[in-house]
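With the working numbering, letter number 158 in the sequence shown gets 158, and the count goes up by one each step, no holes.
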Amino acid sequence: MSEGPLSDVRVLELPGAVGAYCGKLLADLGADVIKVEPPGGDPSRRIPPFFHDDPHPEKSLYFFAFNTSKRSITLDMATADGRVLLRRLAQRADVVIDSFPPGHMDALGLGYESLRQGNPGLIYCSITGFGLWGPHASYKASDLIAVAMSGMMYLAGFPEDPPNRPYGDQSHYCASVQAAAGILTALLHRDRTGQGQVVEVSMQEALAMNQETAMQYWDLRQELRRRQGEGRRLPSGEWFRVPGIGTYECADGHVYLMIGVPGFGAPISVLIQWMAEEGMAGDLTSPEWQDVFSRLDLRLLVQLYQGADVSAAQEWLPRFRHVDGIIERFVRTKRKQELYEEGQRRGLLVAPVNTPRDVLDNRQLNERGFFVTVEHPELGAAIRYPGPPYRLNGTPARIWRRPPRIGEHNREVYLDELGLTEAELASLAGAGVI
């Protein structure tokens, strides 16, 4: 048993990848999360990449990433015996996480109203594409569909390109975070009243929150926010961006600069001074250019990037290209860590564009012990995992155990906890129920 803040909470996580991160968040907080897998393993075990590129269901790094600290049992809920066992498990559970389509569990006789009989404190969390009710509730939903219909995809990418899908299964992560928050709230309510409830999360709604103020732009001003990238394409076909804002190539990769925007770090004059100290500022220290930079206030920048009248952007284009070229030449002579550290010293907003390797080697993350090495004896290897995304100094979250093997805890759960006999367990296995 863990010593985490949720050590007295038992969770049944039903099959599927959508709610796996929700289960992981609770498990790393100490909850006893039992992952219910179909015989043969959860479908997410077949998602690549795989350990040493061996496409085996016990070697999916995708599955590993979202299933630390859990136990695993196998159970075919479509069978009569499987349904009986799930009801018994639910009687002992505090939380059920269900990411099946609406109505699926009800059709099996295993919906909330059925499972709460005899367990009125049960919290039933449903994660679906569009929610349990409404005109789209029965529609199929993948991550791509949820990202597209949330409005998030419309804002991703460059203005001259089609909308882009963000990397990874963002709908799964966002919905899981909201589900975990909802479950914790429902647990608090149950502690006060003794009553459980349904926690319902829509992937579309969870992702829609990521648009920030885009919906309000239309609601209040009837203006559509546009994909902006790092600049805009002018009617002439020329690419326009404000110098000092965006991604720049450096000696060993890329950095992101956010320099010259009022209120965001040191002004562009500080960058020019740095370049001048190294003889790379060109003519930018002249009074003419100082006058140009003094006119770049926030209102002008917004007009240049988003204004319907592009004449101002066309007018500024030659000057901006000149400045941008000088900045590009300077940045290409530096390594990204040098740019970052010296930029920090000078108050400039410069950040390295980290590769996955850079993140693993990051001094800040490693000093704080963010990455956790977990032994996998069955693989003869140790694998590094990101740790919990929050820290509690009194009851810390942690990775309590490696991800489970398929049905690894069948005997522990069915024999020791449910009280089945060896003969009953063997019969269930022979019938394909577990």
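All C-beta atoms in this analysis are idealised placements derived from N, C-alpha and C, irrespective of residue type, glycine included. Computed from a prediction, not measured in an experiment: that's the story for all the values here.
Give me the DSSP bridge partner(s) of residue i.
{"i": "Cys-125", "result": "Ile-97 and Val-199"}
{"i": "Ala-240", "result": "For clarity, residue 240 is Phe in the given sequence; the question names Ala instead. Arg-232, per the DSSP bridge assignment."}
{"i": "His-376", "result": "Ala-381"}
{"i": "Lys-35", "result": "Glu-13 and Ser-72"}
{"i": "Gly-30", "result": "DSSP, once it has assigned bridges, lists no residue as partnering Gly-30."}
{"i": "Tyr-256", "result": "Thr-247 and Ala-351"}
{"i": "Ser-60", "result": "Phe-50"}
Grab me the residues of residue i's own chain with a C-beta within less than 7 Å of its C-beta, minus the 5 sequence neighbours each way, in chain order.
{"i": "Arg-332", "result": "Glu-249, Cys-250 and Ala-251"}
{"i": "Ala-266", "result": "Arg-346, Gly-347 and Leu-348"}
{"i": "Gly-432", "result": "Pro-39 and Asp-76"}
{"i": "Trp-239", "result": "Gly-231 and Arg-233"}
{"i": "Glu-223", "result": "Tyr-217"}
{"i": "Val-460", "result": "Missing from the structure shown is residue 460; the chain here goes from 1 to 434 and no further."}
{"i": "Phe-66", "result": "Ala-20, Tyr-21 and Lys-24"}
{"i": "Glu-277", "result": "none"}
{"i": "Leu-304", "result": "Val-242, Ala-312, Ala-313 and Trp-316"}
{"i": "Arg-190", "result": "Gly-121, Ile-123 and Gly-196"}
Can you tell me which of the three DSSP states residue i falls into?
{"i": "Ile-406", "result": "coil"}
{"i": "Val-9", "result": "coil"}
{"i": "Leu-105", "result": "Per the sequence shown, the amino acid found at residue 105 is Met instead of Leu. Three-state DSSP puts Met-105 in a helix."}
{"i": "Ile-73", "result": "strand"}
{"i": "Arg-368", "result": "coil"}
{"i": "Val-261", "result": "coil"}
{"i": "Glu-341", "result": "helix"}
{"i": "Pro-43", "result": "helix"}
{"i": "Pro-427", "result": "For the record, residue 427 in the displayed sequence is Ser; it is not Pro. Here Ser-427 sits in helix by DSSP."}
{"i": "Pro-267", "result": "coil"}
{"i": "Phe-50", "result": "strand"}
{"i": "Pro-55", "result": "coil"}
{"i": "Pro-386", "result": "strand"}
{"i": "Ser-286", "result": "coil"}
{"i": "Ser-138", "result": "coil"}
{"i": "Ser-311", "result": "helix"}
{"i": "Ser-114", "result": "helix"}
{"i": "Ser-171", "result": "helix"}
{"i": "Ser-176", "result": "helix"}
{"i": "Ala-281", "result": "coil"}
{"i": "Thr-79", "result": "coil"}
{"i": "Asp-358", "result": "helix"}
{"i": "Gln-91", "result": "helix"}
{"i": "Lys-334", "result": "coil"}
{"i": "Glu-23", "result": "Correcting the residue identity first, residue 23 is Gly in this sequence and not Glu. Residue state, collapsed to three classes: helix."}
{"i": "Ala-156", "result": "coil"}
{"i": "Pro-162", "result": "coil"}
{"i": "Glu-3", "result": "coil"}
{"i": "Phe-119", "result": "In the sequence as displayed, the identity of residue 119 is Asn instead of Phe. Asn-119 falls in the coil class under three-state DSSP."}
{"i": "Arg-329", "result": "helix"}
{"i": "Ser-294", "result": "helix"}
{"i": "Glu-182", "result": "Reading the sequence as shown, one finds Gly at residue 182 and not Glu. In the structure shown, Gly-182 sits in a helix (DSSP, three-state: H, G or I)."}
{"i": "Pro-396", "result": "coil"}
{"i": "Glu-205", "result": "helix"}
Taking residue i and residue j to be in contact with their CB atoms under 8 Å, please state how far apart those CB atoms are, rounded to whole angstroms.
{"i": "Arg-232", "j": "Pro-159", "result": "6 Å"}
{"i": "Pro-243", "j": "Phe-320", "result": "5 Å"}
{"i": "Asp-81", "j": "Leu-428", "result": "6 Å"}
{"i": "Leu-234", "j": "Gln-314", "result": "6 Å"}
{"i": "Gly-325", "j": "Leu-296", "result": "Actually they are not in contact, since the Cβ atoms of Gly-325 and Leu-296 sit about 17 Å apart, beyond 8 Å."}
{"i": "Lys-70", "j": "Pro-389", "result": "No, Lys-70 and Pro-389 are not in contact; Cβ-Cβ is about 17 Å, not under 8 Å."}
{"i": "Glu-123", "j": "Val-413", "result": "Before going further, note that residue 123 is Ile rather than Glu in the sequence given. With a Cβ gap of about 20 Å, Ile-123 and Val-413 do not count as contacting."}
{"i": "Pro-15", "j": "Val-33", "result": "Pro-15 to Val-33, Cβ: 13 Å. No contact."}
{"i": "Ala-90", "j": "Leu-115", "result": "4 Å"}
{"i": "Gln-197", "j": "Ala-186", "result": "6 Å"}
{"i": "Gly-129", "j": "Ala-141", "result": "2 Å"}
{"i": "Gln-211", "j": "Leu-144", "result": "Gln-211 to Leu-144, Cβ: 17 Å. No contact."}
{"i": "Arg-227", "j": "Pro-163", "result": "7 Å"}
Note down, in chain order, each residue of its chain lying with its Cβ closer than 6 Å to the Cβ of residue i, except the 5 sequence neighbours on either side.
{"i": "Gly-182", "result": "Val-199"}
{"i": "Phe-64", "result": "Pro-403"}
{"i": "Gly-111", "result": "Met-105"}
{"i": "Ala-31", "result": "Leu-6, Val-9 and Val-11"}
{"i": "Arg-335", "result": "Ala-251 and Asp-252"}
Using C-beta distances below 8 Å, list every residue in its chain close to residue i, excluding the 5 sequence neighbours before and after it, in chain order.
{"i": "Gly-208", "result": "Just to set this straight, residue 208 is Ala in the shown sequence, not Gly. Contacts found: Ser-150, Gly-151, Met-152 and Met-215."}
{"i": "Gly-246", "result": "Glu-230, Gly-231, Tyr-256 and Leu-257"}
{"i": "Asn-354", "result": "Asn-362"}
{"i": "Gly-194", "result": "Pro-120 and Gly-121"}
Legend entry - Contact the segment 162-178 vs the segment 196-207: 3+ CB pairs below 8 Å: Yes, the segment 162-178 is in contact with the segment 196-207.
Inset, instruction - Take every Cβ of the segment 2-11, pair it with every Cβ of the segment 37-56, and state whether three or more of those distances are shorter than 8 Å. - result: Touching, no, given that fewer than three Cβ pairs across the two stretches are closer than 8 Å.
Inset, instruction - Would you check if the segment 48-67 and the segment 91-103 touch, i.e. whether three or more CB-CB distances between them fall below 8 Å? - result: No: the two stretches stay apart, fewer than three of their Cβ pairs being nearer than 8 Å.
Inset, instruction - Specify whether the segment 102-121 and the segment 413-430 touch according to this definition: at least 3 beta carbon pairs, one from each stretch, less than 8 Å apart. - result: Not touching, per the Cβ criterion.
Inset, instruction - Specify whether the segment 18-28 and the segment 364-383 touch according to this definition: at least 3 beta carbon pairs, one from each stretch, less than 8 Å apart. - result: No, they do not touch.
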